[in-house]
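Visitor:
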Amino acid sequence: MSLLKSPTTTDSGQEPAELASVYISTTIPPISPIPPISPIPPIPPISPISPIPPIPPIPPIPPISPIPPIPPISPIPPISPIPPIPPIPPISPIPPISPIPPISPIPPISPISPIPPIPPIPPISPIPPIPPISPIPIYLYTSYPRT
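To convert, count from 1 in the sequence shown and add 1; that's this note's numbering.
#1: Considering only residues of the same chain and omitting the five flanking positions on each side of P136, which have a CB-CB separation below 7 Å?
#2: Going residue by residue through the segment 72-142, where are the continuous beta strand (DSSP E) segments of at least 3 residues, counting only ones entirely within it?
#3: Measuring straight from C-alpha to C-alpha, what distance separates I59 and P69?
#4: Should I77 be counted as a contact of the ligand MN given a C-beta to heavy atom distance under 6 Å?
#5: Once the 5 residues before and after I107 are set aside, which same chain residues still bring their CB inside 6 Å of it?
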């Protein structure tokens, strides 16, 4: 498509509005039809409101009883004087610590007595010879091929 040469016509001689409608109709897919709206169900009738019961009359307020007179406050008795604190007796002096007696010297250790020598081991007596064992007869079974 060529550029517009004037605001009212094109090269093909069409009006710009007609050209735009042709362009739009060829590029935008058609809109699908809107399905019909289902009818609104009827609203059920409202039940009548029951009448409000009458408010019972407020009973009269009883008269307030007079406040009894406050009895006179008894006078506060005088505070007794605090007795004087007795003097603290003097602390008796600490008696002197008795001296520690000297430690007695450790007696010398006596020398260790020598270990006595181990007595010699007596010789082992010779083992007596084992008597010869008598031979046990052994029987050998051999198989020979059949001829």
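We put the CB at the ideal spot given by N, CA and C, even for glycine.
Guide: Looking at the coordinates:
#1: What you label residue 136 is simply residue 135 of the sequence shown in a count that begins at 1. If we look at P136 and ignore the five residues flanking it on each side, it has no Cβ neighbours.
#2: The segment 72-142 contains no whole beta strand (DSSP E) run of 3 or more residues.
#3: Within the sequence shown, numbered from 1, the residue matching residue 59 stands at position 58. Within the sequence shown, numbered from 1, the residue matching residue 69 stands at position 68. If you take the alpha carbons of I59 and P69, they lie about 29 Å apart.
#4: In the structure shown, the ligand MN is absent, as is every other ligand, since no ligand is present at all.
#5: By 1-based counting over the sequence shown, the position of residue 107 is 106. Excluding sequence positions up to five before and after I107, its CB lies less than 6 Å from no other CB in the same chain.
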